[in-house]
Structures are given as structure tokens and as C-alpha cells.
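Have a look at the structure below before the remarks.
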Amino acid sequence: MSRTNIEIDDELIACCMERFGLPTKKSAVEFALRRLLGTADLLGRMQVVRGIGWDGDLEKLRSSSDLVVR
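Be aware that the sequence shown starts at 3, since it is given in the working numbering, and climbs by one per residue.
Next comes the structure, spelled out in C-alpha cells:
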């Protein structure tokens with residue numbers, strides 16, 4: 003782990019800390035970075051399946067009496 007000094011908008015970080023229940027500025031920055039990486043990872047995985055498509059009849063599925071509702 004390393005130490006870094008950065009200038010951060012106080013209002014922005016306070017809002018983030020309050021909204022997500024984060025106790026410190028450090029935890030807010032780490033949370034934001036992890037969330038940003040997670041979003042990028044998710045977008046990458048979505049690109050992998052893009053264009054695969056779906057072959058089926060949605061109207062038939064919607065009107066099917068074979069569906070069991072529990």
C-alpha cells in the first residue's frame with residue numbers, strides 16, 4: 003500500500019460517504035475505485051456476449067399456459 007495526496011471536492015466526498023455509509027475519505031476513494039473497476043469489468047463481459055442474440059418466440063412464451071406461477 004502506498005500513500006498519495008490528492009485534492010478532492012469536499013462536498014462530493016461527503017455526499018459519497020453519507021450515501022454509502024463510508025466512515026472515512028480513504029474508504030470512499032477505495033470504494034469508488036473498486037466500483038469503477040467493477041463497472042469496467044462488467045462492461046467488458048457484456049461486450050463478449052453482444053450479438054449472440056436469442057432465437058425464440060417471445061409472444062408464445064408470454065401466452066403459454068404451461069407456465070407455473072408459484
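Ideal placement from N, C-alpha and C gives every residue a C-beta, glycine not left out.
Annotation: E9 to L45 spans about 29 Å, alpha carbon to alpha carbon.
Cβ contact annotation for M19 (same chain, cutoff 6 Å, sequence separation greater than five): A30, in chain order. Annotated three-state conformation of S65 is helix, per DSSP.
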